[in-house]
Each structure stands twice: as structure tokens, then as C-alpha cells.
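Under this note's numbering, think of the first position of the sequence shown as 5, with each following residue one higher.
Note that the Cβ used here is the ideal one computed from N, Cα and C, for glycine as well.
All remarks here apply to the structure that follows.
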Amino acid sequence: NRQSRNVEALELMGLSEQASGDAINALERYEQVLEIQPNHPTALERFTGLAQQLGLTGRAIQLREQIRERAPQNLNNRRVLALLYSSDASHDKASRTIQDVIAVEGKTLQNIVVLSQVLGASEKNDEAIKVVQGYLDELGEQLKWNDMLLLAQAYERAGKIAETDAAIDKAI
């Protein structure tokens with residue numbers, strides 16, 4: 005059908021423009037796809053990523069919320085949405101969103117990183133440190149160098165230089 009061919013053509017044009025570094029025109033192509041098919045999964049993902057990259061946080065949030073409604077099981081989208089809320093100073097929404105992901109998926113490294121970033125952005129650095137430290141304590145002997153670097157980053161955001169250095173030393 006003609007409409008689906010148009011969508012495919014616009015999507016390919018967007019992909020080509022994005023690959024060549026023309027983010028503005030790629031964004032326009034994906035937006036055209038979304039005008040025809042508002043829930044087009046590839047166009048939603050790519051448009052949202054470009055909008056975020058170009059600093060269009062409000063639009064990126066709007067589309068990530070649309071993706072969440074369409075695919076609530078997409079936990080990666082919800083993690084990205086938490087970070088977008090955080091960068092938009094919607095700290096309560098960011099915290100609730102990542103806490104919901106943790107309730108479903110558990111305390112994975114990826115979720116702890118996002119939670120730590122959300123807490124740090126809301127200037128709750130001590131709480132971020134506690135979250136990371138609690139995660140590391142649960143790991144016990146399974147502790148890896150990247151886990152200690154996560155703690156070092158939390159200390160660094162809090163301006164705790166000695167603790168940052170100690171965590172880095174422990175990592176290496």
C-alpha cells in the first residue's frame with residue numbers, strides 16, 4: 005500500500021541522514037513518519053534519541069512516555085525516561101520511574117547506575133553513595149573494579165575527594 009511505502013521511504017531517508025550526521029533533517033524525516041504512524045517503533049526510538057541529543061528534552065520525554073504506554077515492559081526505555089526526567093529537573097518523576105524499574109528487575113548494576121545518577125542530579129549525593137555502597141555490600145566477594153568506580157563517581161559528585169581516591173585505589 006502507498007502509505008506504508010511512504011513510511012518506509014521516509015524511514016530510510018531518516019536513517020541515511022542520521023548516518024551522514026545530518027541530525028536535523030533526520031529528525032524531520034522521523035517526525036514525518038510519526039505523523040503518518042504515531043506508534044512506529046523505529047521512528048519513535050530514533051526521533052527520541054535525536055531529540056535528546058539535540059537538547060529537545062521536553063519532546064524526548066513526551067515520546068519516551070508514549071513508548072512507555074505502548075510497551076511498558078521495555079525497561080531500558082523507562083531507565084532512559086528516568087534520566088530524561090532528571091535532566092529536566094523532574095526529580096520525583098525520575099526517582100519513581102527508576103524505582104519502578106528496580107521493583108520489576110531488581111538491583112542490577114545498570115539500575116543502580118541510573119538511580120545513583122538520578123539521586124546525584126537532585127543533589128542527594130549522600131543518598132546516592134548509600135545506594136551504591138549498599139549494592140556493593142550485597143555483592144560481597146563478587147565485587148568488580150567497575151563496581152568500585154561507580155562508588156568513586158558517587159563520591160566525586162559529592163565532592164568527597166579522599167573517599168574518591170580510596171575507591172579508585174580499591175578498584176585497581
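With respect to the C-alpha of residue 129, the residue from 114, 102, 163 having the closest C-alpha is 163.
Rounded to whole angstroms, the gap between the alpha carbons of residue 28 and residue 15 is 14 Å. A check of alpha carbon separations from residue 25 across 8, 54, 37, 143 identifies 54 as the nearest. Between residue 21 and residue 6, the beta carbon gap of about 22 Å keeps them out of contact (Cβ cut-off 8 Å). Closest option to residue 150, judged by alpha-carbon separation, among 134, 166, 165, 173: 173. Annotation for residue 36: the continuous alpha helix (DSSP H) segment containing it runs 27-40. Judged by DSSP secondary structure, residue 121 falls within the alpha helix (DSSP H) whose first and last residues are 113-125. Rounded to whole angstroms, the gap between the alpha carbons of residue 102 and residue 79 is 9 Å.
In summary, residue 43 is exposed, with fewer than 16 beta-carbon neighbours lying within 10 Å of its beta-carbon over all protein chains present.
For residue 81, the enclosing alpha helix (DSSP H) stretches over residues 79-91.
When 170, 93, 85, 91 are compared, the shortest CA-CA separation from residue 104 is found for 85. Counting every other CB atom within 10 Å of its CB across the protein chains shown gives residue 136 a total of 16 or more, marking it as buried.
Judged by beta-carbon spacing, residue 106 lies beyond the 8 Å limit of residue 89, meaning their Cβ atoms are not closer than that value. By the beta-carbon neighbour count (other beta carbons within 10 angstroms, threshold 16), residue 133 is buried.
In the structure shown, the three-state DSSP call for residue 45 is helix. Note on residue 122: 16 or more other CB atoms within 10 angstroms of its CB, so buried under the neighbour-count rule. In the three-state reduction of the DSSP assignment, residue 162 falls in the coil class. Assignment of residue 129 by DSSP, reduced to helix, strand and coil, places it in the helix class.
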